Amino acid sequence: MSSDKLNAPAIVIFTDLDGTLLDSMTYSFEPARPALRKLKDLGIPLIICSSKTRLEIERYRQEFGSLYPFVAENGGGI
Numbered sequence: 008m009s010s011d012k013l014n015a016p017a018i019v020i021f022t023d024l025d026g027t028l029l030d031s032m033t034y035s036f037e038p039a040r041p042a043l044r045k046l047k048d049l050g051i052p053l054i055i056c057s058s059k060t061r062l063e064i065e066r067y068r069q070e071f072g073s074l075y076p077f078v079a080e081n082g083g084g085i
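In our numbering, each number is its position in the sequence shown, counted from 1, plus 7.
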């Protein structure tokens, strides 16, 4: 077995944005920031799945510091 497979994360988290990571009224992710930091520290991939466009999601990914793939436009783009 390759060492890459041995080091692969055992957990992957898939999440929506609106009302989940983002506050449904302000669209702020500040309340989720400690959890996002913990996931990053643990090396747990966070995969965003949203109805938002690629451009919108890429903006949030940049703010989160995420390099993981994402699902945009309700699955219209992966």
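Glycine residues also receive a C-beta, built at the ideal position from the N, C-alpha and C atoms.
Source: prediction; values computed, not measured.
Beta-carbon proximity list for residue i, same chain, < 6 Å, skipping 5 on both sides
i, result
"LEU46", "LEU53"
"GLY84", "ARG61"
Contact check, residue i vs residue j, beta carbons under 8 Å
i, j, result
"PHE36", "ILE55", "no"
"ILE64", "ALA42", "no"
"THR114", "LEU29", "The structure shown has nothing for residue 114, since the chain only spans 8 to 85."
N-terminal and C-terminal residue of the alpha helix (DSSP H) that residue i is part of
i, result
"LEU53", "Run containing LEU53: none in the alpha helix (DSSP H); it sits in the beta strand (DSSP E), 53-56."
"ILE64", "61-71"
"ASP48", "40-49"
Reduced DSSP category for residue i - H, G, I as helix; E, B as strand; rest coil
i, result
"ASP30", "coil"
Extent of the continuous beta strand (DSSP E) run through residue i
i, result
"ILE20", "20-22"
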